[in-house]
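Let me begin by presenting the structure, written as structure tokens, before commenting on it.
There are 2 protein chains.
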Amino acid sequence: MTSVRRSGTKGVARADREEQILEAAGRVFGAQGFAATSVADVARAAGISKPLIYNYFGSKEGLFERCLRVASELLVGEIERSAQLGAVGLQRALVTLDGVFHVLDDRPWAWAVANDPTAPDVDGLGDLIGAYRRRLEELAREGVGELLTIAGDDDQLDLDAMTSVWSSVFASLVTWWCAHPDVSPEAMSERCERLFGAVFGVGLDA
Amino acid sequence: MTSVRRSGTKGVARADREEQILEAAGRVFGAQGFAATSVADVARAAGISKPLIYNYFGSKEGLFERCLRVASELLVGEIERSAQLGAVGLQRALVTLDGVFHVLDDRPWAWAVANDPTAPDVDGLGDLIGAYRRRLEELAREGVGELLTIAGDDDQLDLDAMTSVWSSVFASLVTWWCAHPDVSPEAMSERCERLFGAVFGVGLDA
DNA sequence: TTGAATTGACTCGTGGGTAAGTTACCACGC
DNA sequence: GCGTGGTAACTTACCCACGAGTCAATTCAA
């Protein structure tokens, strides 16, 4: 039992403590956003004191960057894994969504953190966010480009806009799911399949 | 000429000044978001002093609420006007988008303000944002519901998710346009028509 | 006893909000 | 025409809460 905690108590190895702070920070950042979150909030959520966070992460930005790294690697990893499966078109989208639902099932805050509109723009943060968002956009541009080509549209700005739209569809599905914690990843994947079917006709099987 | 401005100079009627502050505030809030904007920023942009803003609007929230009201009424007005035209399905979506592009052409900041993710949640603000977003969602739910019914899907959560997706498609198109100031409303409307055509097949004419 | 982990109590800058004074316009009496 | 108060517009200079970041001390394991 660690119920009695007096000042200065060590007891927790550095790596464990770091993990614990990151988890708490992720939850709080995910729920409130970077801007609306104070370091004291995170400290309270982690059950430690504020200076300890500075000891471990240097700054509020530093802490957020680490959270973002966790979230980004989680998402990029899953996206790459899904891409390996070799599906194309809508099938690839469904596979990717399914993968994202499953990884987010363990860390629900990762999506909100990766998409936090109040995130600060410092040093390598852009690259970090970009890492997963750029990858998603690549895949989106590919699939969308194919669609537009079939339709006889080769306008670059059209491709650009359509990519942005498709990315937002993807994000919107994930966000909707995050707002409905009762829905299992499997159920959500099936829902996506139904919705895609309704929009694009029924011929979804490879 | 009002080039020489000494302390305490009146010179501007209350209504004019109010209009002027609102316009400046809208620009700044739209560009930086509510959270990242200080009242001093707005004062500087409007060419006046900070206390004057408090004199006119009471608080930072009050100022933002007024901006939001302007933006919301602009959008709701246009949405209603478009809805009057009696188009249905994708045609209605295109008409609405076209209307929104045209009203936003004069006040580009309105969209960003109405969709500011850092907006504070005070008193009647929710209603205000809701005013336009709820109306858009009603229309979305209607059109989407029709689509799902045709596809034989009567699941309520499916309808819910699909509505959210469609709303985000709409928002994404507008946002993309806001990020491309060189594109005229007309050109953007044509782009939307092309893109819808590419996705949903070509039978778009009523 | 040494040193790492940890904290209470601080500093300090920033930004929302205010009090009190300053300027200019506008009656109005003469 | 011209002082002269009244008042509305406007500003300078301030207060204060809050949150990022720091430091010296305190606790505990080895």
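Protein sequence lines correspond, in order, to chains X and D.
What the first sequence shows, in my numbering, is residues 1 to 206, in sequence order.
What the second sequence shows, in my numbering, is residues 1001 to 1206, in sequence order.
Backbone N, C-alpha and C fix where the C-beta goes; we use that ideal spot for every residue, glycine too.
Between residue i and residue j, how many whole angstroms is the CB-CB distance? I'm expecting something under 8 Å.
| i | j | result |
| --- | --- | --- |
| residue 1039 of chain D | residue 1068 of chain D | Incorrect: roughly 16 Å between the Cβ atoms, too far for contact. |
| residue 195 of chain X | residue 1161 of chain D | 7 Å |
| residue 1028 of chain D | residue 1012 of chain D | Rounded, the Cβ-Cβ distance is 19 Å, inconsistent with contact. |
| residue 72 of chain X | residue 132 of chain X | 5 Å |
| residue 1153 of chain D | residue 198 of chain X | 6 Å |
| residue 173 of chain X | residue 1165 of chain D | 6 Å |
| residue 1158 of chain D | residue 1148 of chain D | 6 Å |
| residue 169 of chain X | residue 1168 of chain D | 7 Å |
| residue 18 of chain X | residue 54 of chain X | That belief does not hold up - the Cβ atoms of residue 18 of chain X and residue 54 of chain X are roughly 13 Å apart, past 8 Å. |
List, in chain order, every chain D residue whose beta-carbon is nearer than 9 Å to that of residue i.
| i | result |
| --- | --- |
| residue 158 of chain X | 1191, 1194, 1195 and 1198 |
| residue 59 of chain X | Within chain D, no residue comes near residue 59 of chain X; the closest Cβ sits about 18 Å away, beyond 9 Å. |
| residue 15 of chain X | Those within 9 Å of residue 15 of chain X in chain D number zero; the least Cβ separation is about 34 Å. |
| residue 43 of chain X | Result: empty, since nearest Cβ-Cβ is about 21 Å, beyond 9 Å. |
Can you name, in chain order, every residue of its own chain whose Cβ lies under 8 Å from the Cβ of residue i, other than the five neighbours on each side?
| i | result |
| --- | --- |
| residue 1083 of chain D | 1092, 1096 and 1139 |
| residue 1115 of chain D | 1171 and 1175 |
| residue 36 of chain X | 118 |
| residue 31 of chain X | 109 and 112 |
| residue 1026 of chain D | 1067, 1070, 1071, 1107, 1109, 1110 and 1113 |
| residue 129 of chain X | 68, 72, 114 and 119 |
| residue 1141 of chain D | 1159 and 1163 |
| residue 1079 of chain D | 1096, 1099, 1100, 1132, 1135, 1136 and 1139 |
| residue 265 of chain X | Any answer about residue 265 of chain X is impossible in this case: the structure gives chain X only from 1 up to 206. |
Name the chain X residues whose beta carbon is nearer than 8 Å to that of residue i?
| i | result |
| --- | --- |
| residue 1096 of chain D | Ordered by position in chain X, no residue passes the 8 Å Cβ test against residue 1096 of chain D, which lies about 16 Å from the chain. |
| residue 1093 of chain D | Correct list: empty, because the minimum Cβ distance to chain X is about 12 Å. |
If you drop the 5 nearest sequence neighbours on each side, which residues of the same chain put their C-beta closer than 7 Å to that of residue i?
| i | result |
| --- | --- |
| residue 74 of chain X | 103, 107 and 110 |
| residue 20 of chain X | 46 |
| residue 101 of chain X | 177, 185, 188 and 189 |
| residue 49 of chain X | 43 |
| residue 179 of chain X | none |
| residue 144 of chain X | 159, 162, 163 and 166 |
| residue 1024 of chain D | 1042, 1045 and 1046 |
| residue 105 of chain X | 185 |
| residue 1192 of chain D | 1094, 1097 and 1173 |
| residue 1004 of chain D | Residue placement at residue 1004 of chain D is flagged as unreliable, the pLDDT there being 38, under the threshold of 50; the coordinate-derived value follows with that caveat. So no residue of the chain qualifies. |
| residue 87 of chain X | 95 |
Listing by chain order, which chain X residues have their CB less than 7 Å from the CB of residue i?
| i | result |
| --- | --- |
| residue 1164 of chain D | 172 and 176 |
| residue 1169 of chain D | 165, 168 and 169 |
| residue 1031 of chain D | Chain X residues near residue 1031 of chain D: none, gap ~14 Å exceeds 7 Å. |
| residue 1040 of chain D | By Cβ distance, chain X contributes nothing, its closest Cβ being about 18 Å from residue 1040 of chain D, past 7 Å. |
If you measure from the CB of residue i, is any heavy atom of the ligand GDP nearer than 7 Å?
| i | result |
| --- | --- |
| residue 70 of chain X | Absent from the structure shown: the ligand GDP. Ligands present: none. |
With a threshold of 6 Å on Cβ separation, who are the neighbours of residue i within its own chain once the five nearest residues in sequence on each side are excluded?
| i | result |
| --- | --- |
| residue 176 of chain X | none |
| residue 119 of chain X | 34 |
| residue 187 of chain X | none |
| residue 1098 of chain D | 1189 |
Applying a beta-carbon distance threshold of less than 7 Å, which residues of chain D neighbour residue i?
| i | result |
| --- | --- |
| residue 37 of chain X | Ordered by position in chain D, no residue passes the 7 Å Cβ test against residue 37 of chain X, which lies about 12 Å from the chain. |
| residue 28 of chain X | The contacting residues do not exist; residue 28 of chain X stays about 16 Å from chain D at best. |
| residue 46 of chain X | Those within 7 Å of residue 46 of chain X in chain D number zero; the least Cβ separation is about 24 Å. |
For residue i, go through chain X and note every residue whose CB falls closer than 9 Å to its CB, in chain order.
| i | result |
| --- | --- |
| residue 1024 of chain D | Result: empty, since nearest Cβ-Cβ is about 22 Å, beyond 9 Å. |
>> Quick check for students: name the residue ranges of the alpha helix (DSSP H) that lie wholly in the region 17-62 of chain X, counting only runs of 4 or more.
In response: Here the runs fully enclosed are 39-46 and 50-57.
> Hey, which unbroken runs of the alpha helix (DSSP H) at 4 residues or more fall wholly within the region 58-143 of chain X?
Replying inline: As far as the region 58-143 of chain X is concerned, its whole alpha helix (DSSP H) runs of at least 4 residues are 60-84, 89-106 and 109-114.
>> Closer than 7 Å between beta carbons: that is the criterion. Which residues of the region 125-154 of chain X meet it against chain D?
In response: Answer set for the region 125-154 of chain X: 147, 148, 151 and 153.
> Going along the chain, which residues of the region 1098-1124 of chain D sit with their C-beta nearer than 7 Å to a C-beta in chain X?
Replying inline: For the region 1098-1124 of chain D, the beta-carbon criterion of a distance under 7 Å to any beta-carbon of chain X is satisfied by 1117 and 1118.
>> Beta carbons nearer than 8 Å to chain X: which residues of the region 1067-1091 of chain D have them?
In response: For the region 1067-1091 of chain D, which is checked against every Cβ of chain X, not one residue is closer than 8 Å.
> Which full runs of the alpha helix (DSSP H) of 4+ residues lie inside the region 155-194 of chain X, going along the chain?
Replying inline: If we require 4 residues or more, the alpha helix (DSSP H) runs fully inside the region 155-194 of chain X come out as 156-178.
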